[in-house]
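Colleague: Residue numbers (our numbering): 11 to 260.
Even glycine gets a Cβ: it sits at the ideal position worked out from N, Cα and C.
In this text, all values refer to a predicted model and were calculated from it rather than measured experimentally.
Below is the structure I would like to discuss, written out as structure tokens.
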């Protein structure tokens, strides 16, 4: 079969990449859900006048990218979508999940006052002997465990914060409404790690599974009022940074 040069008016882009883009658009435009079946390789061949090798290359490409999965003898299906967080501005996990059509949920595992160890005190710029609030939460989207999170707050700033406050309200919402906190910036640092016994049990994944480790420092002016350590499932969540090029100069 002699294949055409282009499907999307993009002559320099390989045909399999063009077909892959078409399939992604089909998944989104038709509103296909997780585990919905796609057209067969034969149907794609006939519809776009492509060879079986080109179609198979496109499907394999999409499988590597996590868009689809194949079942021997049954066909190709839509994969579970990765949740995406764009790192363009200050964000809330709950609000971002809602934007993606997911139902966010936070399970509060514990909230207690502790004496901060050397590391926590250093991250919050507190003096030796000062107390901190330790909030441990499990973050879910559509009932699926996504993130295990430990948040530390200066006790002297929020001495009356209790677990009940966080049952139906977001932490940031409470800090803004009750304590009149105006966040000026947040710094985040990412690294790759492996899940320990506690994280694995919480996220329902095998021990030593690769995870994204996330640290966040939230500021009010020059003061750090929150330090959070999170372990995020890398197979279900991704972070995206958009880089803007400098405008051309004449």
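Between which two residues does the alpha helix (DSSP H) holding residue 209 run?
Modeller: On the chain shown, residue 209 is found 199 positions in, with the first residue counted as 1. Element bounds for residue 209: 207 to 213.
Colleague: Thinking just about the alpha-carbon of each residue, which of 188, 216 and 243 is nearest to the one in residue 150?
Modeller: Taking the first residue of the chain shown as 1, we reach residue 150 at position 140. Nearest of 188, 216 and 243 to residue 150, Cα basis: 243.
Colleague: Determine, using beta-carbon pairs with one atom in the stretch 205 to 223 and one in the stretch 152 to 160, whether at least three such pairs fall under 8 Å.
Modeller: In short, these stretches touch, since the Cβ pair count reaches three.
Colleague: Would you call the stretch 63 to 78 in contact with the stretch 28 to 46, where contact means no fewer than 3 C-beta pairs closer than 8 Å?
Modeller: With a cut-off of 8 Å, the stretch 28 to 46 and the stretch 63 to 78 count as touching, because enough Cβ pairs lie within range.
Colleague: Can you give, in chain order, each stretch of the beta strand (DSSP E) that sits fully within the stretch 142 to 171 and has at least 3 residues?
Modeller: Those beta strand (DSSP E) runs which fall completely within the stretch 142 to 171 and span 3+ residues are 154 to 164.
Colleague: Residue 189 to residue 168, Cα distance in whole Å?
Modeller: Taking the first residue of the chain shown as position 1, residue 189 is located at position 179. Taking the first residue of the chain shown as position 1, residue 168 is located at position 158. Going from the Cα of residue 189 to the Cα of residue 168 covers about 8 Å.
Colleague: For residue 197, which of 170, 184, 235 and 246 has the nearest alpha-carbon?
Modeller: Along the chain shown, one-based indexing puts residue 197 at 187. Checking every option, the nearest Cα to that of residue 197 belongs to 235.
Colleague: Restricting to Cα atoms, I'd like to know which of 76, 113 and 86 is closest to residue 52.
Modeller: Stepping through the chain shown from its first residue, residue 52 is reached at position 42. Among 76, 113 and 86, the Cα nearest to that of residue 52 is on 86.
Colleague: What residue range is occupied by the uninterrupted alpha helix (DSSP H) comprising residue 71?
Modeller: Against the chain shown, residue 71 aligns to sequence position 61. Note, residue 71: alpha helix (DSSP H), 62 to 74.
Colleague: Is residue 99 buried or exposed, if buried means 16 or more other CB atoms sit within 10 Å of its CB?
Modeller: As a first step, residue 99 is located in the chain shown; it is residue number 89 there, counting from the start. Per-residue confidence for residue 99 stands at a pLDDT of 48, beneath the threshold of 50, marking its modelled position as unreliable; the derived number appears in the next sentence. Burial call: exposed.
Colleague: Would DSSP call residue 79 helix, strand or coil?
Modeller: Translated into the one-based positions of the chain shown, residue 79 becomes position 69. In the structure shown, residue 79 sits in a strand (DSSP, three-state: E or B).
Colleague: Does the beta-carbon of residue 215 have 16 or more other beta-carbons within 10 angstroms, so that it is buried, or is it exposed?
Modeller: If you number the chain shown from 1, residue 215 lands on position 205. Under this definition residue 215 is a buried residue.
Colleague: Do the stretch 138 to 148 and the stretch 113 to 122 make contact, defined as three or more Cβ pairs closer than 8 Å?
Modeller: Contact between the stretch 138 to 148 and the stretch 113 to 122 is present, because at least three Cβ pairs lie under 8 Å.
Colleague: Between which residues of its own chain and residue 165 is the CB-CB distance below 6 Å, once the five residues before and five after are set aside?
Modeller: The residue labelled residue 165 in the question sits at position 155 within the chain shown. Excluding sequence neighbours, residue 165 sits near 123, 141, 142 and 143.
Colleague: Report the residue from 83, 201, 61 and 147 whose alpha carbon sits nearest the alpha carbon of residue 180.
Modeller: Reading the chain shown from its first residue, position 170 is the one you call residue 180. Per the Cα distances, 147.
Colleague: Using DSSP bridges, identify the partner residues of residue 85.
Modeller: Here residue 85 is taken as the residue at index 75 of the chain shown, counted from 1. Beta-bridge pairing links residue 85 to 81.
Colleague: Taking residue 42 and residue 88 to be in contact with their CB atoms under 8 Å, please state how far apart those CB atoms are, rounded to whole angstroms.
Modeller: Stepping through the chain shown from its first residue, residue 42 is reached at position 32. Stepping through the chain shown from its first residue, residue 88 is reached at position 78. Between residue 88 and residue 42 the Cβ distance is about 5 Å, and since that is below 8 Å, they are a contact.
Colleague: What are the start and end residues of the alpha helix (DSSP H) that includes residue 130?
Modeller: In the chain shown, counting from the first residue as 1, residue 130 sits at position 120. From DSSP, the alpha helix (DSSP H) with residue 130 extends over 128 to 133.
Colleague: Expressed to the nearest angstrom, what Euclidean distance is found between the alpha-carbon atoms of residue 139 and residue 130?
Modeller: In the chain shown, counting from the first residue as 1, residue 139 sits at position 129. In the chain shown, counting from the first residue as 1, residue 130 sits at position 120. About 11 Å.
Colleague: At the level of alpha carbons, what is the spacing between residue 67 and residue 26?
Modeller: Mapped onto the chain shown, residue 67 falls at position 57. Mapped onto the chain shown, residue 26 falls at position 16. Rounded to the nearest angstrom, the two C-alpha atoms are 6 Å apart.
Colleague: Classify residue 29 as helix, strand or coil using the three-state DSSP reduction.
Modeller: Here residue 29 refers to the residue found at position 19 of the chain shown. Correct three-state label for residue 29: helix.
Colleague: Identify, in the order they occur along the chain, each residue of the same chain with its Cβ nearer than 7 Å to the Cβ of residue 78, setting aside the five sequence neighbours on each side.
Modeller: Your numbering for residue 78 matches position 68 in the chain shown. Same-chain partners within the cutoff: 48, 69, 72, 86, 87, 88 and 89.
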